[in-house]
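Only one structure is covered here, and it is reproduced in the block below.
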Amino acid sequence: MMTLKMRTPPILVTLFSTSSTPSILHQNLKINSSEQLSPWLNNSTWPPVNSSGLGMSCFTMTFGAISNLTALGILAKSRVRFRRKSKAPFMLLTVALLLADLAGHMILGAFALYLHIDQRYKIQAEKPNKEFCQIFGASMVFFGLCPLLLGCAMAVERCVAITQPFFHAAMITLAHVWRVVLFLSSLALVLAVLPLCAVGNYTIQSPGTWCFLPIHGPQSTADTNLAVAFSCLGLTALVLSLLCNILSGLALLQARMKSHNLNTKSAAHCARRTSSTSSSLFCSLDVEMMAQLAVITVVSCVCWSPFLIHILVMQFNQRTSTHEKDGFILLGLRMASWNQILDPWVYILLRKAVLFRLCCAFYTQRPTVTENRVFDHSCISGPNNELYPVDVSLQDSLTMHNAVSVSASLGSMGLLRLFGVSWSWSLAAGLGIYLGTRSWKYFYIAARTAKRDIIGLYVLLRVKMALWRYMRNGSNIPSIFAQTVKRHPNKPALIYEATGETWTFSQLDELSNAVAHWARGQGWVSGDVVALFMESRPLQVALWLGLAKVGVEAALINFNLRHDSLLHCIGVSGSRAIVFGAELADAMLEISSSISQSMVRFSTGGDLSAEHQARLGAQPLDPILASSPRHPPSPCVPPKGMNDRLFYIYTSGTTGMPKAAIVVHSRYYRIAAFGYFAFRMSPIDIIYDCLPLYHSAGNIMGVGQCLIHGLTVVVKKKFSASRFWEDCIKYNCTVVQYIGEICRYLLSQPVRPSEKEHKVRLAVGNGLRPSVWEAFTERFGVAQIGEFYGATECNCSIANMDGKVGACGFNSRILPNVYPIRLVMVDEDSMELVRDSRGLCVPCRPGEPGLLVGRINQQDPLRRFDGYANQDATRKKIANNVFKKNDSAYLSGDVLVMDEMGYMYFRDRGGDTFRWRGENVSTTEVEGVLSSLLGQTDVAVYGVAVPGVEGKAGMAAIADTTGSFDCKGFLQKVQHALPSYARPVFLRISPHVDTTGTFKIQKTRLQSEGYDPRLTTDQIYFLNTRAASYEAVDEELYNAIAEGRMSL
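For the sequence shown, the working numbering begins at 88 and goes up steadily by one.
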């Protein structure tokens, strides 16, 4: 952030941006003397100022003030870098210079606007008193000369610091610098106030909007001496600054060339250590300063020399007229005034970070990316936090490019107005320059996606405003549900498909009240946890909702779990009690002796014998609830708000033991509300929910619409592909839910007449493969697919709001930072984040696969990450220094790809992609192709290591219930459908492929068993490329492959 600036005085363009001065391009700045005179200028021939001059004055004053305030803000933000003694003097001089510039903008701008308004609206009937012009002129001289002198002091200070560092360190202190600032300011002040003490005079200058020392016509000796002194002081400061800057630049260049030669060897290893940071070629404060010196010096000399030299020349070439209309002096003054607007932008743009990006872009290349693989030019976090650098990040480059585009556009517009070009043509030229520097593709993308982005912004703001309102009112999910009950007391809330039973909102509310009284009777208090282990049914909703009314948190356990996994889920949540369904009594019996005897157990549903109840140590819950009070319970103490825990939902466990994700009240509302508004649901919709209620899709995206927005939800005990459309017809469903492989299962069913007789208009869910998407909508006549991406715990959920086939959501390309998510590069083998040499993550370009991350802000309900019950698991999902230094972000663990329009497509779960034959193989894509070839059969694709072979060989586990799998026919199809590197080297034919309770392929066991026939009874085949056929793997062939005797 180092700047040695030859700053300009804040003589604003506002002083002379008047359209009464004709364009020099056409009339050589000749003033039409026939125009009406300003009433207070008496005999002068200056015309009045019209509205365009006033507008330009306001624009330049505002733009200049904002520029200097921005520079001050950046300097304050980076003050830590200037704490060293050798840098502190420069910072003090810089602050003084910026403050002088800012004060000049505000004070002189106010004077100039006053004169503009006075001439336009004829406020004064008489000429203003002389004192006004004297003060105005004194301000012009002081704020013009002071920054020039301070800029010269900065140049001298830096020259001494660079050429004589030991002398500078020993002799130059902050006290000395304070004295220099006071001396230079006093010198400028003395020269400015001399005319106020009757030594010289200030006069009104053409075209009547500024006051200054007399330049034309008869002058007294004092006037001439003051003008010469002003000009000579300014020119001396410029020349001295130029000389000092040249000396400083040469010294720095010489030192850096030596440093570069010494560091060439270590730089070849692409390693950046803390010890070498200060000597990096492009990362030092001195290099930053050198670049700024060169630009500032050139800009200052070009802008200021004409004005100062012309004043000096005019003192020896006197003219007769007191109010000579000198076009050149106006042009010079305008150029000088623009210097003080350009200077802050040089200071803002030529900072260390920006210089580093420019140098990296010139000297290095973008990380080589081939099929989702990041190679040598990139680097990852290594041991001991060493960083192996890549070049500048795409997002930072775009940010810099945006700033340059805006600056060039505004600057060109102002300069054209300076030369008298009309506002309309100036605006057109500014827009043209902006378009030219931004690329037309940006505007093409903006035009194509504006409607989508506006809808997305509306949904985001609506959800966010509702959340803030609920947080301000101290609401939570039970209280929001109470409002829904008031709106729809007798409307069906939940329909249980298994029994046909219908629960109205009032009945659901009363049953949840009974649960709350029962929980309080057990002595449970706010913060206690109760596990729920049962198949999907409306009672499960009433149970967790009733527990929430008294602050007790439910742990929703997957009813497919057994043995160790079940024990793990009960234990990790810290549950004090468990409520289980009678249908799961056997599963409970298997672990009964392993769970704590202090854990209270209740059973519900079905008829368990007294003997069975005794063996389980359980009590029947249904009669207890039947006799419990139905009135609302008293509020829990302490009360729970939107950021407090509601319940726990467990991850699917595709990569290990399930983790208990914390769901707070605001997260429940957020997920449900996003689905409701994004996919345009309404209270009259009826949702068919065939997903398990222990999962967020079924319990939040589905049931949440009932509790929060008053929709009716049909609860299906278990998904049935054969009964799916019949159920939708029976209950007049308009919305269905899917997840994982459900849509593919439906496509694999025989064609039935009922599959198009339904009223379903919307299918909501995630995990719909592009290969299935269009076939599903065409066959079943579903008008809208509401595909979304999101995990229970994530803060980077996205939604496909406009039906883009294959996309799981989008992020705006127009305003990407409105929703701070990003795809960042990762090493495909280790899933380590790729970082640049500043330690920040490297964002992906459109078309490059990357890990989805979301910035964490615990104060924002949309950005917070609550993690898991296990703190170690929570820490593993958080990365620091992702978007910027010292930030934190949630790691989704999933690899996505974004196209040029901002649509995102799911590619793989983290770690699923493997590398074979120098290419990256996407398991998700290969699974989709193989499943289509096999008539929508379950297929799991994964990589297995082969000793002595680089990468991993592809292996496909295929479900074959008939036992008649045709390897020869399969190979023929695969050869036409997949490239050689993506074809499975090994096949595993099994009666079924393991899936989770939410129909996700589970690969953990398959990967651990690999292609070893001794570890499974399934038939395993090996692709013999020489014979062009799959061969059964026996122990002999397995050993040949493992020992490298069989070529792959």
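Each residue gets a CB set at the ideal place from its N, CA and C atoms; glycine is no exception.
A quick note: this is a predicted structure, and the numbers were derived from the prediction, not measured.
Assigned exposure category for residue i - 16 Cβ within 10 Å defines buried
i: LEU712; result: buried
i: ARG962; result: exposed
i: ASN887; result: buried
i: THR879; result: buried
i: HIS604; result: buried
i: CYS284; result: exposed
i: GLN958; result: exposed
i: MET552; result: exposed
i: TRP265; result: exposed
i: ASP1121; result: exposed
i: SER307; result: exposed
i: VAL546; result: buried
i: TRP590; result: buried
i: ARG1101; result: exposed
Backbone CA spacing between residue i and residue j [nearest angstrom]
i: SER924; j: PRO903; result: 24 angstroms
i: SER408; j: ILE396; result: In this predicted model, SER408 has a pLDDT of only 45, less than 50, meaning its place in the structure is not dependable; the value taken from the coordinates is given anyway. Their backbone Cα atoms lie some 20 angstroms apart in a straight line.
i: SER753; j: ALA257; result: 59 angstroms
i: GLN945; j: PRO726; result: 20 angstroms
i: ILE758; j: ARG574; result: 22 angstroms
i: LEU554; j: ARG900; result: 26 angstroms
i: PHE568; j: HIS718; result: 15 angstroms
i: GLY231; j: HIS192; result: 11 angstroms
i: ASP1025; j: LEU544; result: 38 angstroms
i: PRO779; j: ARG942; result: 30 angstroms
i: TYR763; j: GLU622; result: 26 angstroms
i: LEU938; j: LEU978; result: 7 angstroms
i: LEU339; j: ILE249; result: 7 angstroms
i: ARG1113; j: LEU1135; result: 9 angstroms
i: LEU794; j: THR571; result: 7 angstroms
i: ASP1047; j: GLY791; result: 38 angstroms
i: TYR775; j: LYS817; result: 11 angstroms
i: PHE970; j: ASP615; result: 37 angstroms
i: HIS845; j: CYS820; result: 8 angstroms
For residue i, the first and last residue of its enclosing beta strand (DSSP E)
i: ILE682; result: Unbroken run through ILE682: none, as it is neither H nor E.
i: THR591; result: 588-591
i: TYR906; result: That residue, TYR906, is in no beta strand (DSSP E); it is neither H nor E in DSSP.
i: PHE620; result: 616-620
i: ARG35; result: Only positions 88 to 1135 of the chain appear in the structure, and residue 35 is not among them; the question remains open.
i: ASN853; result: 849-853
i: LEU581; result: 579-583
Endpoints, alpha helix (DSSP H) assigned at residue i
i: ALA956; result: Element bounds for ALA956: n/a, residue is neither H nor E.
i: ASP673; result: 672-678
i: VAL982; result: VAL982 -> not in any alpha helix (DSSP H); beta strand (DSSP E) instead, spanning 975-985.
i: GLY231; result: 217-250
i: GLY1019; result: Residue identity differs from the one stated: residue 1019 is Ser in this sequence, not Gly. SER1019 -> alpha helix (DSSP H) spans 1010-1020.
i: GLU1118; result: Where GLU1118 is concerned, there is no enclosing alpha helix (DSSP H), although the beta strand (DSSP E) it sits in stretches over 1116-1119.
i: CYS1187; result: As displayed, the chain neither begins before 88 nor continues past 1135, which places residue 1187 out of reach and without an answer.
According to DSSP, residues forming a beta bridge with residue i
i: PHE734; result: ALA641, VAL750
i: ALA1046; result: SER1077
i: ILE774; result: VAL800, VAL822
i: PHE875; result: ALA886
i: ILE829; result: Paired residue(s): none; ILE829 is not in a bridge.
i: VAL60; result: Outside the shown range of the chain, which is 88 to 1135, sits residue 60, and nothing can be said about it.
i: LYS551; result: LYS551 is not bridged to any residue.
i: LYS1039; result: ALA1032
i: CYS388; result: Paired residues: none, contrary to the question.
i: THR691; result: GLY668
i: GLN1059; result: Bridge partners of GLN1059: none, in fact.
i: THR290; result: PHE299
i: ASN1111; result: SER1116
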